[in-house]
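First up is the structure itself, then whatever we jot down about it.
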Amino acid sequence: MPASPTLAPAALLAEVPRGNTQKHVNRTVLAYLLGLGPLHRPGLRWLDLPCGAGELLGQVGRLFPGARRWGADVRTAAPPAPVRYAPTDLSQEFPFANEPAFDIITSISGIMCFGNTAQFIGRCAARLAPGGLLVVSNDNCLTMRDRLSYLFTGRVRRFRLLFEPDEGNHQLVQHQELKRLFDVHGLELKRVLYTAFYLEDLLYVPLAALLWPWQWLQLRRLRSSTGHAHRAELFGFKSLLHRHYVFVGEKRAA
-17 MPASPTLAPA ALLAEVPRGN TQKHVNRTVL AYLLGLGPLH RPGLRWLDLP CGAGELLGQV
43 GRLFPGARRW GADVRTAAPP APVRYAPTDL SQEFPFANEP AFDIITSISG IMCFGNTAQF
103 IGRCAARLAP GGLLVVSNDN CLTMRDRLSY LFTGRVRRFR LLFEPDEGNH QLVQHQELKR
163 LFDVHGLELK RVLYTAFYLE DLLYVPLAAL LWPWQWLQLR RLRSSTGHAH RAELFGFKSL
223 LHRHYVFVGE KRAA
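The working numbering applies: residue -17 is where the sequence shown begins, and numbers increase by one.
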């Protein structure tokens, strides 16, 4: 897969719905993937977990007409055909175990909803063909907004101080942990994308500008197996302002 594809023109993405995530997340993911030539081949096998009402898979069908689509979610109602759908509690099981390996698996704003992140990433990696892509997005808890929220209220991101038994979003997965899980399960991190910047976040730019030089210095001096290019992507200036991030990993050949 090319490391730095050209993003798709905005005109192709104008109809992409927000879905059950932050604004522009689905658009950012699809814009990046549209620039990857190998994904446009006929018969591409695409699995989305959890797929919700099929908003992303619907756009996959429009923008990648040769792709075959699978999806799973806790909902009983299936997305529109021809998506192959399996009602699944992803905290307990993994769908389509008897299907051939997939070329791409997407999980948009999913890992905050179930507590078996390590198992989930491992199963996704196991179900990918060599060279296949795993795309995982999640809320960013490193923004200046969130740091101030934690300082003054003890609240991190969307997570309330008190959870109900049926709480939907309850798992805080940090960048470091997701990067580690990619490494453990043989997924080479290819890109980190930041998205979901809101106009009101401009208020935090001065504070971000004050913090960034110290964060940059720490990143430069830190001993780690993670290279400086990935450090800059993971914890760059955008990480202080954009509310959502996307990891794109490629399964290493056996």
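The beta carbon of each residue, even a glycine, is placed where N, CA and C say it ideally should be.
Just so you know, these numbers come straight off a predicted model, no measurement behind them.
Nearest residue (CA-CA) to residue i, options the options
i       : options                      : result
Val228  : Arg0, Ala(-7), Pro147, Asn8  : Asn8
Pro112  : Asn120, Asp128, Ala83        : Ala83
Gly34   : Cys106, Ser91, Ala13         : Ser91
Arg129  : Val118, Leu189, Arg51, Ala60 : Leu189
Ala191  : Leu222, Leu199, Asn80        : Leu222
His226  : Arg127, Asp165, Gln41, Pro24 : Arg127
Ala(-8) : Arg0, Gly1, Gln4, Thr10      : Thr10
Ser237  : Asp165, Gly231, Arg213       : This structure gives no information on residue 237, because the portion of the chain shown stretches from -17 to 236.
Leu31   : Leu16, Gly43, Asp55          : Asp55
Where residue i falls: helix, strand or coil (DSSP)
i      : result
Phe179 : coil
Ala236 : coil
Leu145 : For the sequence presented, residue 145 should be read as Phe rather than Leu. Three-state result, Phe145: coil.
Leu169 : strand
Val155 : coil
His224 : coil
Val138 : strand
Gln200 : helix
Thr125 : coil
Val11  : helix
Arg205 : coil
Residues sharing a beta bridge with residue i, DSSP
i      : result
Phe229 : Val118, Val174
Leu110 : Phe84
Cβ-based burial, residue i [other Cβ within 10 Å; buried from 16]
i      : result
Glu75  : exposed
Ser206 : exposed
Trp196 : exposed
Leu144 : exposed
Phe260 : Absent from the model: residue 260. The displayed extent of the chain is -17 to 236, so no value can be given.
Asp85  : buried
Asp71  : exposed
Arg23  : exposed
Tyr14  : buried
Arg0   : exposed
Cβ of residue i within 9 Å of any chain D Cβ
i      : result
Val117 : No chain D appears in the structure shown, which is made up of a single protein chain.
| Which parts of the stretch 14 to 100 are runs of the beta strand (DSSP E), unbroken and 3 residues or longer, counting only runs that do not cross its ends? | 27 to 30, 50 to 55, 66 to 69, 84 to 89
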